[in-house]
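Those protein sequences? They're chains G and W, same order as listed. The first sequence begins at 1 in my numbering and counts up by one. The second sequence begins at 1001 in my numbering and counts up by one.
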Amino acid sequence: AQKVTQAQTEISVVEKEDVTLDCVYETRDTTYYLFWYKQPPSGELVFLIRRNSFDEQNEISGRYSWNFQKSTSSFNFTITASQVVDSAVYFCALRKTSYDKVIFGPGTSLSVIP
Amino acid sequence: DGGITQSPKYLFRKEGQNVTLSCEQNLNHDAMYWYRQDPGQGLRLIYYSQIVNDFQKGDIAEGYSVSREKKESFPLTVTSAQKNPTAFYLCASGDAGSNEKLFFGSGTQLSVL
C-alpha cells in the first residue's frame, strides 16, 4: 500500500530561521513520483516540485531546497531564511504511475513569526 | 486566464438535502479530481475522472456522486447519505497519462446548518 507521512503537524519559526519539513513515503513500486505543494490561507494548492524515483539529485530553487533519499524513503523540504509569506500548509504527495491517483500526506502547517 | 473555477466558495446544507459543488476548467485537461480536506487529515480522494463519461471512486466515495458529461466540467454532489459533510472541498485537474503537476481550484467550504 502507498502512504505518505508528515510527522510534523505544526511548526513555528522566527523569520530568517531555516526550517525543514519532513516527508516519509511508503511504496512497493520502483517507479513513482513525489511532489510538494503549498497551500496558503487562500486555500488553493500551489505546485512546488516534482521528483521521479530515478532522480535522486537534490534540487535548489531560490530559498527552497529538496533532499530526496531513496534509502530512507524520504523527500524533505528545506526553506532557508524563512519569510512571513512562507506561512502556509505544505503537503507532500506520491503518485505511482501516470494513471494512478495522487496520495497526499496530512500536511505540515508552518507559521513564520516576524 | 486558464485555470480551475470552483463555486460557490461557501455552501450550507440542510439535513437531508443534496447539494452540488461546481468545478470548471479551461486548461484542456482530460483528468479531473475531487478531494476532501479535513483539519489534520490532509487531502482524501473522493472521485476522479481520466476521460469524459468515465470516473472512478477514490478512497472516500460513499455519500458522494459525480458526473463527467463534458471535458470542462466535473460537478460533485454531496448526498444526504453523507452524514458528516462539513469539510473543505478541492477540485483539481491534470493531463491524463502524465506525471506533471495537478492544478487546483480555490475550494468550496461546505457546512451543515
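Where is the CB? At the ideal position from N, CA and C, for every residue including glycine. None of these values were measured; they are calculated from a predicted model.
For residue i, return the contacting residues in chain G, with the cut-off set at a CB-CB distance below 8 angstroms.
i                       : result
residue 1088 of chain W : 43
residue 1106 of chain W : 42, 43 and 44
residue 1070 of chain W : Those do not exist, as residue 1070 of chain W stays about 21 angstroms from chain G at its closest Cβ, beyond 8 angstroms.
Exposed or buried, what is residue i when buried is set at 16 or more other beta-carbons lying within 10 Å of its beta-carbon?
i                       : result
residue 102 of chain G  : buried
residue 1108 of chain W : buried
residue 86 of chain G   : buried
residue 107 of chain G  : buried
residue 1085 of chain W : buried
residue 17 of chain G   : exposed
residue 1081 of chain W : exposed
residue 1025 of chain W : buried
residue 82 of chain G   : buried
residue 3 of chain G    : exposed
residue 84 of chain G   : exposed
residue 12 of chain G   : exposed
residue 69 of chain G   : exposed
residue 1042 of chain W : buried
residue 1101 of chain W : buried
residue 105 of chain G  : buried
Report yes or no: is there a C-beta of chain G within less than 9 angstroms of the C-beta of residue i?
i                       : result
residue 1073 of chain W : no
residue 1021 of chain W : no
residue 1081 of chain W : no
residue 1100 of chain W : yes
residue 1012 of chain W : no
For residue i, would you say it is in contact with chain W, using Cβ-to-Cβ distances shorter than 9 angstroms as the test?
i                      : result
residue 28 of chain G  : no
residue 25 of chain G  : no
residue 114 of chain G : no
Does residue i come out as helix, strand or coil in the three-state DSSP assignment?
i                       : result
residue 74 of chain G   : strand
residue 1038 of chain W : strand
residue 1095 of chain W : coil
residue 84 of chain G   : helix
residue 1005 of chain W : strand
residue 1017 of chain W : coil
residue 1057 of chain W : strand
residue 108 of chain G  : strand
Taking a Cβ distance cut-off of 7 angstroms, strictly less, list which residues of the stretch 53-78 of chain G are near chain W, in chain order. none
Any C-beta of chain G within less than 9 angstroms: which residues of the stretch 1031-1065 of chain W qualify? 1031, 1033, 1035, 1037, 1040, 1041, 1042, 1043, 1044, 1045, 1048, 1050, 1056, 1058 and 1059
With 7 angstroms as the limit, tell me which residues of the stretch 4-17 of chain G have their beta carbon closer than that to any beta carbon of chain W; keep them in chain order. 9
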